[in-house]
Every structure is written in C-alpha cells, then in structure tokens.
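Here's the structure, in structure tokens; my notes come after.
Protein chains: 2
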Amino acid sequence: MATDRDSVLEAAVGVLSRRPTAHLDEIARAAGISRATLHRVFPGREALIREVGALGLRRFAAALDTARVEEGDAHAALRRLIDALVPDAALCAFLAGENQLYDDPEINELWEIQDARVRALFLRGQQQGVFRIELSAGWLSEAFFDLVAGVGWAVQDGRLAPRDSAHSLAELFLGGALRRPDHS
Amino acid sequence: MATDRDSVLEAAVGVLSRRPTAHLDEIARAAGISRATLHRVFPGREALIREVGALGLRRFAAALDTARVEEGDAHAALRRLIDALVPDAALCAFLAGENQLYDDPEINELWEIQDARVRALFLRGQQQGVFRIELSAGWLSEAFFDLVAGVGWAVQDGRLAPRDSAHSLAELFLGGALRRPDHS
DNA sequence: ATCTCATGAGACACCGATGTCTCAGATGCT
DNA sequence: AGCATCTGAGACATCGGTGTCTCATGAGAT
C-alpha cells in the first residue's frame, strides 16, 4: 500500500521542515508508528530523507503539470502554479532547507528539471511583457521559491492562515509591497 | 582581541548558513584554525551556535539603527534598511534557518524586539498609505525576511551578484514581479 | 640564543543517535 | 480456536561527532 509510505513521509515532512536534525524517534512518533516500524518501511535515515526529497519533487512536478505552466499567459500560469503549489508549501520548505540532498545526482537532476521549468515560465513572461525585465528570470524564480517556502513555514507555525496563504503569496510576489499609486 | 572571535564567527556563518549540521572540523577549517583552537575560543558547539546567533542579532539591530527605520517615510526607511541589511544577508539566512536558537530565552527576546521593529515599520507604512493594506504587516515582515535570507543564500552560492543583491531585493519586494502597466 | 606562549596535530574517552535484534501482544483470517 | 502477520517495546552493538588531553612545532619577545 503506497499510501502507507506516503503517510509516513507526510508526517516526516511536518517535523523535518522545521527541524532537519530531528531524531528518528520524533519522526516515528509524529507518524504514529514505532521506530522499529519506521525502520521496516525505510532502511535508514538517509533513505528516509531521500524519499522525502523525492516526494517533494514529485509533488512539485505535479503542481507544475496541473498548473500547465507552459501554456498561455504567464501571469495566469503563475497564479495557477501558486494555487497548485501552496498545499505542498511545507514540502517546498523542506526542499529549500535541505542542501544535503544535492549530493544525490538523481535528486539533483530532478530538481534541475523542475527549476528550469519555473525559470522558463518567468522568461516567457518577460518576453510576453507581463513580468519585469529589470530582474533576471533566475532571481525571480529563486525569490518565488523562497516565498513559497516561507509560506510553508509560516503556515506550519501558525503565523499565517492556510486560507490566506495563496492570496498573500500571489499578491506580494506579483504586486509587491508598495501600494500602487495607480494613476493619481 | 574581539576581532579574532568575530572573524571565527564570520567564517562559521559561511558554513552554517548553508549546512547547519556542519561538523566542527569544517568550521575550524573554514576559519583557518584547528579544531583545538576553535575549542579554545568557544567552549563547544552549542556556545558557538549561540554566539553566531547573537552576532546575527547584533548586526540585525545595528542595521535597523543605521537605517533609522523609525524615522520618516516608511518607503525610504525600508530602502535604507535593505541597503544596511544586505551585507549581512548570510547572517540573516542563518538566523532564518536556525530554529534551535529559539530555546535560548535571551536570544529569543532579542529576536522579538528586532522583529517587532520591522513589523512596526510596515504597520507605519500602511498607515502612511505607502504599503498595501490587503497584506498583514506580519506577513510583509516575514516575507521580507525570507527574501533577505534568500539573497544571502543566492549570493553565497554565486547565483546572485553581490552588486545586484540590494537592487534585486528592493525592486522585487517593493514593486513585485509584475510589470507595471502604468496608465496604458 | 633562550624563553614564553599560542597553535596544530593527533590520541583518547564519552555520548548520543542509529541500526539490528528479540520477544510479547494485537490484529485479522480461516 | 488456531494460525499467520504485523506491530511496539525494549535491549543491545555500532558508529560518528564532540570534548579533553598531551606533545611537538614555530613565532615573537627579551
């Protein structure tokens, strides 16, 4: 039952995204299982971390797919991406904080692919004239991911209501902090 | 010579902001000293981490002071804060990623004070009509810090030029990713 | 030149987390 | 009921990082 593994991974994310050094005891307790069973499902800590990373990247890729980021107006595509990504913001927060994963070439490659898709989205948006061109697509994509991770942390710690998260992220990232003077 | 301690801390930040679990060996090597000397300067790992956090908060507070965030137009104050904060972005990246520090009540209190100053800046800006009021001051302040940390990581990893960092941060955070349609 | 002191290299014990094992109890099926 | 299977609790051994020590080296001072 794949759901079993995934539910354990889900619980692991909840702990690891906040404290990457959490002991296996905590993770097992968070998953509602014993440390012995955790070891039966995942051979060891390293494997668990890798699986969490892989899950995060699968979800990330799935969000890019469901948002159809390669299609249509870049602005609309980014809004779709935000809606698709925010439910997995905690996973993204984990990915952002875990540089240890970058040792694994397989994980690294998957990450590169998804990251390139996001960069391409921003580049396309710049070409379409909807995104600012003074900021590099690389920086836009990186900052976007930083804010997604920030949303994940804030929601987990109760500083941001899950209902507001997508809106807060979209408005800040797209529109910035300054009040639009509009045409005054 | 206090500079000695600080230079070690500086090197420690360079390593710890990227890998909070780095061994003392790496930190010592990064600082150009032996593990033995590192132990002579700081009693242990815990003390070192605490000192790095304290240094980060001192710098953070100093940046808030030099930027005079409590004075004048909130927009201009925030731009001053960005300029003052960006040189220590790596330190902020460390602070953002290190939740273990929050056990220490002294560190925690210092953090609360500085964080409140930033929140107050955004609140004042909202009252002045320069910052958007649809986004809570808390979220603005948190997102701002996330982006500062992101700048720190990006610069450290060479993905963002130090020269561009302040400008990239200010433009994105203040103006958002969308190209201003202005009055078309 | 000699002395003093800081440093680096290495050895060593300690400790905590991990990984593996066994066994008892629970669950589910026939 | 009897059996198979899974799980949790606990007891180990192992390993890696940390903390402490000693000793040799080298720079600087007198």
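Chains as they are written, first to last, in this note's numbering: chain P, 62 to 245; chain Y, 62 to 245.
Ideal Cβ positions, reconstructed from N, Cα and C, are used throughout, including at glycine.
Please classify residue i as buried or exposed, where buried requires at least 16 other C-beta atoms within 10 Å of its C-beta.
i, result
"residue 203 of chain P", "buried"
"residue 245 of chain P", "The pLDDT assigned to residue 245 of chain P is 45, lower than 50, so where the model puts this residue is not dependable; a value taken from the coordinates is nonetheless given after this. By the neighbour-count rule (16 or more Cβ atoms within 10 Å), residue 245 of chain P is not buried but exposed."
"residue 194 of chain Y", "exposed"
"residue 24 of chain Y", "With chain Y covering only 62 through 245, there is no way to say anything about residue 24 of chain Y."
"residue 62 of chain Y", "Caution is warranted here: a pLDDT of 42 is assigned to residue 62 of chain Y, below 50, making its placement in the model unreliable, and the coordinate value is therefore given only provisionally. It is exposed - the Cβ of residue 62 of chain Y has fewer than 16 other Cβ atoms within 10 Å."
"residue 174 of chain Y", "exposed"
"residue 219 of chain Y", "exposed"
"residue 231 of chain P", "buried"
"residue 117 of chain Y", "buried"
"residue 222 of chain Y", "exposed"
"residue 188 of chain Y", "exposed"
Are residue i and residue j close, meaning C-beta to C-beta below 8 Å?
i, j, result
"residue 74 of chain P", "residue 152 of chain P", "yes"
"residue 138 of chain Y", "residue 212 of chain Y", "no"
"residue 123 of chain Y", "residue 192 of chain Y", "no"
"residue 94 of chain P", "residue 227 of chain P", "no"
"residue 155 of chain Y", "residue 78 of chain Y", "yes"
"residue 145 of chain P", "residue 128 of chain P", "yes"
"residue 171 of chain P", "residue 113 of chain P", "no"
"residue 178 of chain Y", "residue 147 of chain Y", "no"
"residue 92 of chain Y", "residue 72 of chain Y", "yes"
"residue 196 of chain Y", "residue 233 of chain P", "yes"
"residue 237 of chain Y", "residue 237 of chain P", "yes"
"residue 80 of chain Y", "residue 160 of chain P", "yes"
Please report how far the alpha carbon of residue i lies from the alpha carbon of residue j, in whole angstroms.
i, j, result
"residue 76 of chain Y", "residue 90 of chain Y", "10 Å"
"residue 86 of chain P", "residue 96 of chain P", "6 Å"
"residue 241 of chain P", "residue 239 of chain Y", "12 Å"
"residue 190 of chain P", "residue 198 of chain P", "13 Å"
"residue 209 of chain P", "residue 235 of chain P", "13 Å"
"residue 68 of chain P", "residue 102 of chain Y", "45 Å"
"residue 99 of chain P", "residue 107 of chain P", "13 Å"
"residue 111 of chain Y", "residue 206 of chain Y", "20 Å"
"residue 126 of chain Y", "residue 119 of chain Y", "10 Å"
"residue 66 of chain Y", "residue 109 of chain Y", "10 Å"
"residue 229 of chain P", "residue 140 of chain P", "12 Å"
"residue 166 of chain P", "residue 176 of chain P", "15 Å"
"residue 82 of chain Y", "residue 180 of chain P", "30 Å"
"residue 133 of chain P", "residue 217 of chain Y", "35 Å"
"residue 88 of chain Y", "residue 164 of chain Y", "23 Å"
"residue 121 of chain Y", "residue 224 of chain P", "31 Å"
"residue 214 of chain P", "residue 84 of chain Y", "26 Å"
Starting from residue i, follow its DSSP beta bridges and name the residues at the other end.
i, result
"residue 125 of chain Y", "Beta-bridge pairing links residue 125 of chain Y to no other residue."
"residue 192 of chain P", "Y:239"
By the 7 Å beta-carbon criterion, what residues does the region 213–237 of chain P contribute toward chain Y? 215, 220, 221, 229, 232, 233, 234, 235, 236 and 237
Output, in sequence order along the chain, the residues in the region 132–156 of chain Y whose CB is closer than 9 Å to any CB in chain P. 136 and 139
Identify each residue in the region 86–120 of chain P for which the Cβ-Cβ distance to at least one residue of chain Y is less than 8 Å, and report them in chain order. none
Taking beta-carbon pairs under 7 Å, can you tell me which members of the region 186–202 of chain Y lie near chain P? 190, 191, 192, 193, 195, 196, 199, 200 and 201
Using a Cβ-Cβ cutoff of 9 Å, what residues of the region 68–81 of chain P are near chain Y? List them in chain order. 79, 80 and 81
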